[in-house]
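Residue numbers (the numbering used here): 30 to 175.
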């Protein structure tokens with residue numbers, strides 16, 4: 030990971046309604062779920078992200094790129110790319126796109142292992158745990174810089 034700056038990274042599991050956020054450090058390579066931004070209003074989303082960036086002072090941002098199991102782009106792929114470009118433009122930080130196939134499944138499994146049953150109990154944490162899985166994948170294999 031020598032090409033990326035050492036330090037904090039924030040990862041995002043982008044959705045049209047909710048954005049899951051995770052945090053981790055490139056030196057330790059251990060991601061943690063952080064927050065779920067639950068609004069479809071763009072200005073509110075970016076205000077919440079600005080607060081997280083101010084608090085955590087990340088060196089880079091990571092955005093999950095939805096893909097079908099066969100590797101083809103998903104209908105949300107274009108929206109995720111647009112979100113990544115907007116993050117880069119607004120905050121001036123390096124932004125990475127990472128294949129997010131199966132991160133929701135991984136998140137459900139992690140929550141079940143933690144004793145959080147599927148359904149309403151998982152919903153508040155699911156997106157941020159998916160972002161945690163995205164960041165874990167990025168630590169293993171960095172994606173594409175935006």
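All residues carry an ideal CB built from backbone N, CA and C; glycine is no exception.
Which of helix, strand or coil DSSP assigns to residue i
i           : result
residue 172 : coil
Residue environment, residue i, which counts as buried when at least 16 other CB atoms sit within 10 Å
i           : result
residue 59  : exposed
residue 161 : buried
residue 157 : buried
residue 72  : exposed
residue 93  : buried
Beta-carbon proximity list for residue i, same chain, < 7 Å, skipping 5 on both sides
i           : result
residue 56  : 35
residue 37  : 52, 54, 85, 86, 87 and 88
residue 31  : Model confidence at residue 31 stands at a pLDDT of 41, short of 50, so the residue's coordinates are unreliable; what they give is reported in the following sentence. Contacts found: none.
residue 146 : none
Residue closest to residue i, alpha-carbon to alpha-carbon, out of the options
i           : options          : result
residue 129 : 95, 90 and 113   : 95
residue 90  : 81, 97 and 98    : 81
residue 76  : 109, 174 and 116 : 116
Own chain partners of residue i with C-beta closer than 6 Å, once the 5 adjacent residues on each side are dropped
i           : result
residue 141 : none
residue 135 : 162
Contacting residues, own chain, Cβ-Cβ under 8 Å from residue i (five flanking each side not counted)
i           : result
residue 167 : 38, 40, 91, 125 and 127
* To do: Could I get the ranges of all uninterrupted beta strand (DSSP E) runs contained in the stretch 74–150, with 3 residues as the minimum, in chain order?
  => 89–94 and 124–128
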